[in-house]
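Residue numbers (this note's numbering): 34 to 241.
Ideal Cβ placement from N, Cα and C applies to all residues, glycine included.
Fair warning: this is a prediction, and the values are worked out from it, not measured in the lab.
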(Lines of atoms letter the chains of each structure in order from A and count residues from 1; the text may use other names and numbers.)
(Lines give C-alpha, C1' and ligand atoms only; values in the text may rest on other atoms or scores of the structure.)
Protein backbone atom coordinates (compact mmCIF):
# COMPACT_ATOMS: atom_id res chain seq x y z
CA UNK A 1 0.00 0.00 0.00
CA UNK A 2 1.47 3.35 -0.94
CA UNK A 3 2.11 5.93 1.73
CA UNK A 4 -0.51 8.35 0.51
CA UNK A 5 -3.20 5.66 0.70
CA UNK A 6 -2.51 4.63 4.29
CA UNK A 7 -5.32 5.59 6.67
CA UNK A 8 -4.45 8.53 8.82
CA UNK A 9 -3.74 7.89 12.49
CA UNK A 10 -6.60 10.18 13.49
CA UNK A 11 -9.10 8.13 11.46
CA UNK A 12 -7.97 4.89 13.10
CA UNK A 13 -8.28 6.47 16.54
CA UNK A 14 -11.74 7.89 15.81
CA UNK A 15 -12.95 4.57 14.42
CA UNK A 16 -11.72 2.84 17.59
CA UNK A 17 -13.54 5.40 19.75
CA UNK A 18 -16.75 4.58 17.88
CA UNK A 19 -16.31 0.86 18.51
CA UNK A 20 -15.78 1.42 22.23
CA UNK A 21 -18.90 3.59 22.37
CA UNK A 22 -20.97 0.90 20.62
CA UNK A 23 -19.72 -1.80 22.99
CA UNK A 24 -20.66 0.25 26.05
CA UNK A 25 -24.09 0.85 24.51
CA UNK A 26 -24.54 -2.88 23.98
CA UNK A 27 -23.73 -3.49 27.63
CA UNK A 28 -26.42 -1.04 28.69
CA UNK A 29 -28.99 -2.57 26.34
CA UNK A 30 -28.43 -5.98 27.94
CA UNK A 31 -29.73 -4.63 31.26
CA UNK A 32 -33.36 -5.47 31.95
CA UNK A 33 -35.51 -4.09 34.81
CA UNK A 34 -36.90 -6.45 37.46
CA UNK A 35 -40.47 -7.70 37.31
CA UNK A 36 -41.33 -6.29 40.72
CA UNK A 37 -41.96 -2.66 41.62
CA UNK A 38 -39.89 -2.45 44.81
CA UNK A 39 -36.20 -1.95 45.52
CA UNK A 40 -36.14 -5.45 46.96
CA UNK A 41 -36.77 -6.75 43.43
CA UNK A 42 -33.33 -5.46 42.47
CA UNK A 43 -31.50 -7.69 44.94
CA UNK A 44 -31.70 -10.90 42.85
CA UNK A 45 -30.18 -8.96 39.93
CA UNK A 46 -26.87 -8.33 41.73
CA UNK A 47 -24.93 -10.74 39.43
CA UNK A 48 -26.08 -8.74 36.42
CA UNK A 49 -25.11 -5.47 38.08
CA UNK A 50 -21.69 -6.77 39.11
CA UNK A 51 -20.97 -8.21 35.65
CA UNK A 52 -22.04 -4.95 34.01
CA UNK A 53 -19.95 -2.82 36.38
CA UNK A 54 -16.79 -4.92 35.90
CA UNK A 55 -17.18 -5.00 32.11
CA UNK A 56 -17.93 -1.28 31.88
CA UNK A 57 -14.91 -0.56 34.08
CA UNK A 58 -12.74 -2.82 31.95
CA UNK A 59 -13.84 -1.26 28.65
CA UNK A 60 -13.23 2.20 30.13
CA UNK A 61 -9.71 1.18 31.19
CA UNK A 62 -9.00 -0.35 27.78
CA UNK A 63 -10.17 2.84 26.05
CA UNK A 64 -8.05 5.08 28.31
CA UNK A 65 -4.95 2.96 27.74
CA UNK A 66 -5.72 2.69 24.01
CA UNK A 67 -5.90 6.48 23.73
CA UNK A 68 -2.68 6.85 25.73
CA UNK A 69 -0.89 4.27 23.59
CA UNK A 70 -1.88 6.02 20.36
CA UNK A 71 -0.24 9.21 21.60
CA UNK A 72 3.10 7.48 21.01
CA UNK A 73 2.31 6.23 17.50
CA UNK A 74 4.01 8.03 14.66
CA UNK A 75 1.94 6.81 11.71
CA UNK A 76 -0.94 4.47 10.89
CA UNK A 77 1.11 1.70 9.34
CA UNK A 78 -0.67 -1.44 8.03
CA UNK A 79 0.67 -3.46 10.98
CA UNK A 80 -0.62 -0.88 13.44
CA UNK A 81 -4.06 -0.87 11.78
CA UNK A 82 -4.39 -4.67 11.85
CA UNK A 83 -3.05 -4.90 15.40
CA UNK A 84 -5.70 -2.36 16.36
CA UNK A 85 -8.43 -4.40 14.64
CA UNK A 86 -7.35 -7.53 16.52
CA UNK A 87 -7.46 -5.58 19.77
CA UNK A 88 -10.96 -4.29 19.00
CA UNK A 89 -12.09 -7.81 18.09
CA UNK A 90 -10.98 -9.06 21.49
CA UNK A 91 -12.75 -6.21 23.28
CA UNK A 92 -15.93 -6.82 21.26
CA UNK A 93 -16.32 -10.23 22.94
CA UNK A 94 -16.84 -8.65 26.36
CA UNK A 95 -20.62 -8.00 26.08
CA UNK A 96 -21.30 -11.64 25.16
CA UNK A 97 -19.31 -13.05 28.07
CA UNK A 98 -20.81 -10.44 30.40
CA UNK A 99 -24.35 -11.57 29.57
CA UNK A 100 -23.44 -15.22 30.04
CA UNK A 101 -21.98 -14.51 33.46
CA UNK A 102 -25.07 -12.55 34.43
CA UNK A 103 -27.43 -15.34 33.35
CA UNK A 104 -25.49 -17.97 35.28
CA UNK A 105 -25.22 -15.68 38.32
CA UNK A 106 -21.41 -16.00 38.51
CA UNK A 107 -21.73 -19.50 39.98
CA UNK A 108 -20.79 -21.56 36.92
CA UNK A 109 -17.20 -22.23 35.94
CA UNK A 110 -17.41 -22.10 32.16
CA UNK A 111 -18.75 -18.51 31.84
CA UNK A 112 -16.13 -17.12 34.25
CA UNK A 113 -13.37 -19.12 32.54
CA UNK A 114 -14.38 -17.66 29.18
CA UNK A 115 -14.68 -14.19 30.73
CA UNK A 116 -11.11 -14.40 32.04
CA UNK A 117 -9.92 -15.89 28.74
CA UNK A 118 -11.31 -12.87 26.88
CA UNK A 119 -9.40 -10.60 29.26
CA UNK A 120 -6.25 -12.57 28.42
CA UNK A 121 -6.94 -12.12 24.71
CA UNK A 122 -7.50 -8.38 25.17
CA UNK A 123 -4.15 -8.04 26.94
CA UNK A 124 -2.30 -10.16 24.38
CA UNK A 125 -3.62 -8.01 21.53
CA UNK A 126 -2.74 -4.92 23.58
CA UNK A 127 0.83 -6.19 23.71
CA UNK A 128 0.85 -6.50 19.92
CA UNK A 129 -0.55 -2.99 19.60
CA UNK A 130 2.02 -1.70 22.07
CA UNK A 131 4.78 -3.25 19.98
CA UNK A 132 3.61 -1.41 16.87
CA UNK A 133 2.68 1.91 18.52
CA UNK A 134 5.57 2.35 20.96
CA UNK A 135 8.41 0.01 20.06
CA UNK A 136 8.31 0.38 16.29
CA UNK A 137 6.94 3.84 15.53
CA UNK A 138 8.67 5.93 18.19
CA UNK A 139 11.83 4.04 19.09
CA UNK A 140 13.85 7.27 19.05
CA UNK A 141 11.34 9.20 21.14
CA UNK A 142 10.68 6.73 23.96
CA UNK A 143 13.23 5.15 26.24
CA UNK A 144 13.91 1.46 26.51
CA UNK A 145 12.86 1.71 30.16
CA UNK A 146 9.38 2.97 29.31
CA UNK A 147 8.85 0.33 26.64
CA UNK A 148 9.98 -2.39 29.00
CA UNK A 149 7.67 -1.18 31.80
CA UNK A 150 4.66 -1.10 29.47
CA UNK A 151 5.37 -4.61 28.29
CA UNK A 152 6.03 -5.92 31.79
CA UNK A 153 2.72 -4.61 33.09
CA UNK A 154 0.89 -6.30 30.22
CA UNK A 155 2.72 -9.58 30.82
CA UNK A 156 1.84 -9.49 34.51
CA UNK A 157 -1.85 -9.00 33.78
CA UNK A 158 -1.82 -11.75 31.13
CA UNK A 159 -0.44 -14.14 33.73
CA UNK A 160 -2.94 -12.94 36.35
CA UNK A 161 -5.95 -13.29 34.04
CA UNK A 162 -4.71 -16.72 32.95
CA UNK A 163 -4.52 -17.70 36.60
CA UNK A 164 -8.06 -16.40 37.09
CA UNK A 165 -9.26 -18.63 34.24
CA UNK A 166 -7.70 -21.66 35.91
CA UNK A 167 -9.04 -20.73 39.34
CA UNK A 168 -12.52 -20.30 37.86
CA UNK A 169 -12.59 -24.03 37.09
CA UNK A 170 -12.97 -24.60 40.82
CA UNK A 171 -13.85 -21.25 42.42
CA UNK A 172 -15.64 -18.86 39.99
CA UNK A 173 -16.27 -16.20 42.64
CA UNK A 174 -12.60 -16.09 43.66
CA UNK A 175 -11.59 -15.81 40.01
CA UNK A 176 -13.93 -12.85 39.54
CA UNK A 177 -12.36 -11.17 42.54
CA UNK A 178 -8.89 -11.68 41.06
CA UNK A 179 -10.06 -10.14 37.78
CA UNK A 180 -11.27 -7.04 39.60
CA UNK A 181 -7.93 -6.72 41.44
CA UNK A 182 -6.01 -7.03 38.16
CA UNK A 183 -7.97 -4.15 36.68
CA UNK A 184 -6.49 -1.85 39.31
CA UNK A 185 -3.11 -2.14 37.59
CA UNK A 186 -4.48 -0.13 34.67
CA UNK A 187 -6.17 2.71 36.53
CA UNK A 188 -3.34 4.91 35.30
CA UNK A 189 -2.53 4.60 31.59
CA UNK A 190 1.02 5.79 32.14
CA UNK A 191 3.64 4.05 34.24
CA UNK A 192 4.22 5.58 37.69
CA UNK A 193 7.84 6.59 38.00
CA UNK A 194 8.45 6.90 34.28
CA UNK A 195 10.32 9.98 33.15
CA UNK A 196 8.22 12.84 31.88
CA UNK A 197 10.21 12.92 28.68
CA UNK A 198 9.27 9.31 28.00
CA UNK A 199 5.60 10.14 28.00
CA UNK A 200 5.62 13.06 25.62
CA UNK A 201 3.37 12.42 22.60
CA UNK A 202 5.11 11.97 19.26
CA UNK A 203 3.84 14.37 16.56
CA UNK A 204 1.90 12.39 13.99
CA UNK A 205 3.36 12.28 10.52
CA UNK A 206 1.20 13.15 7.59
CA UNK A 207 0.37 10.02 5.59
CA UNK A 208 -1.25 11.80 2.71
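Exercise for review: Report yes if the CB atom of residue 209 is closer than 7 angstroms to the CB atom of residue 139, and no otherwise.
Suggested key: Going by C-beta atoms, residue 209 is nearer than 7 angstroms to residue 139.
Check your understanding: So, is residue 135 buried or exposed, given that buried needs 16 or more other C-beta atoms within 10 angstroms?
Key -> Residue 135 is buried by the Cβ-count criterion.
Exercise for review: Within 10 angstroms of the Cβ of residue 77, are there 16 or more other Cβ atoms? Answer buried if so, exposed if not.
Suggested key: exposed
Review point. If you draw a straight line from the alpha carbon of residue 68 to that of residue 75, how long is it in whole angstroms?
Key: 9 angstroms
Practice item. Pull up the CB-CB distance for residue 216 and residue 163, whole angstroms please, since I reckon it's below 8 angstroms. Key: With a Cβ gap of about 18 angstroms, residue 216 and residue 163 do not count as contacting.
Exercise for review: Tell me where the alpha helix (DSSP H) around residue 59 begins and ends.
Suggested key: 42-62
Review point. With respect to the alpha helix (DSSP H) encompassing residue 148, which residues constitute its N-terminal and C-terminal limits?
Key: 142-163
Check your understanding: Nearest to residue 47 by CA position, among 204, 104 and 73, is which residue?
Key -> 104
Review point. Shorter than 7 angstroms from the beta carbon of residue 142 to some beta carbon of chain C?
Key: Among the chains of the structure shown, chain C does not appear; only one protein chain is present.
Practice item. Excluding the 5 residues preceding and the 5 following residue 160 in the sequence, name in chain order all residues of the same chain whose CB lies nearer than 8 angstroms to its CB. Key: Once the five neighbours on either side are set aside, the close Cβ partners of residue 160 are 184, 187, 188 and 191.
Review point. Between which two residues does the alpha helix (DSSP H) containing residue 219 stretch?
Key: Note, residue 219: premise wrong, no alpha helix (DSSP H); not H, not E.
Review point. When we look at the beta-carbon of residue 211 and count the other beta-carbons within 10 Å, is it buried (16 or more) or exposed?
Key: Burial call: buried.
**Study point:** Buried or exposed by the 16-neighbour rule on C-beta atoms within 10 Å, applied to residue 96
**Key:** buried
Practice item. Compare the Cα-Cα distances from residue 111 to each of 141, 45 and 213 and report the closest residue. Key: 45
**Study point:** residue 116: first and last residue of the uninterrupted alpha helix (DSSP H) it sits in
**Key:** 111-125
Point to revise | Whole-number beta carbon distance between residue 57 and residue 89, since they are thought to touch under 8 angstroms | key: 7 angstroms
Point to revise | Residue burial classification, residue 42 (beta-carbon count within 10 angstroms, cutoff 16) | key: buried
Point to revise | residue 210 (DSSP reduced to helix, strand or coil) | key: helix
Exercise for review: Decide if residue 66 is buried, meaning its Cβ has at least 16 other Cβ atoms within 10 Å, or exposed.
Suggested key: exposed
**Study point:** Cut-off 8 angstroms between Cβ atoms - residues of its own chain near residue 52, not counting five sequence neighbours on either side
**Key:** So the list reads 121, 124 and 125, once near-sequence residues are dropped.
Point to revise | residue 201 in three-state terms, based on DSSP | key: coil
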